[in-house]
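Peer 1: Just dropping this structure here.
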Amino acid sequence: MLPAKMLLRFGRVLRPSMKTSPRIVAYPEVGQKETSGQKSFIKLQKSILEQVEKGANYKAVFRGECDVFDTEMSERVQHELQMYARNILNPRWMVNLNASFSTSREWSSPVPLQCVLILRDPSISFPFCELDHMVNSESSSIAVPCYDVRRIWQQQQIDSLIDPSDQRERIVTGIIKSPASVEFAIALWRCRQYLE
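In numbering that gives the first Met the number 0, the protein residues as written are 0 to 195.
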């Protein structure tokens, strides 16, 4: 993962105003290709962004080149990170792991996995991310992150990934390890880093 993925990039845009002269507004560039113009970076962590939101602390980050910073930016960024991860998920990357779950946090998969997603489970005690899950595939055994996506996505978004006729109380899926699924894995990792 590139170091830039551990940071939150902000751009600035000139927003016209009817009452005053145009103002420079900061906006987060979550999941966007880098645009032209001067950028500012903040560590990708909610607690840090909450400190920047307070008072005029944002002026130091943007070196006085920003007139407006949303007072609810931390919630906006959290929402954008979560939606970006959900929007780039391709259901073709998903492999059902339900039959292979064991209490020792080990999974069996016919293919190598990028990560594991908990979509439905009777327990509500899982943290968003656990790093100690092992996946045994044909060629190897490797630790992968396990994400409880119920903590970041709405139930309707999760249900769209599940067959409506599937009434099992536990539904867990693996994401196939491939170049195509790397950006999704990074997006989930960024959600984890932000929420820490």
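From the three backbone atoms N, C-alpha and C, an ideal C-beta is built for every residue, glycine too.
Are the CB atoms of S78 and W106 nearer to each other than 8 Å?
Peer 2: The sequence given here has His at residue 78, not Ser. No, the pair does not count as a contact, with Cβ atoms beyond the cut-off.
Peer 1: Tell me the residue span of the beta strand (DSSP E) that contains I47.
Peer 2: No beta strand (DSSP E) holds I47; the alpha helix (DSSP H) holding it covers K45 to E52.
Peer 1: Measure the C-alpha to C-alpha separation of W92 and T70 and round it to an integer number of angstroms.
Peer 2: Going from the Cα of W92 to the Cα of T70 covers about 37 Å.
Peer 1: F125 by DSSP, collapsed to three states: which one?
Peer 2: Residue state, collapsed to three classes: coil.
Peer 1: So, is L130 buried or exposed, given that buried needs 16 or more other C-beta atoms within 10 angstroms?
Peer 2: Classification for L130: exposed.
Peer 1: Taking its Cβ as the centre, do 16 or more other Cβ atoms sit within 10 Å of G36, making it buried, or is it exposed?
Peer 2: Exposed, by the Cβ-count rule.
Peer 1: Are A184 and C128 closer than 8 Å when you measure CB to CB?
Peer 2: Cβ distance not < 8 Å, so A184 and C128 don't count as in contact.
Peer 1: Within the same chain, show all residues whose beta-carbon is closer than 7 Å to that of L187, passing over the 5 residues directly before and after it, in chain order.
Peer 2: Same-chain partners within the cutoff: A84, C114 and Y146.
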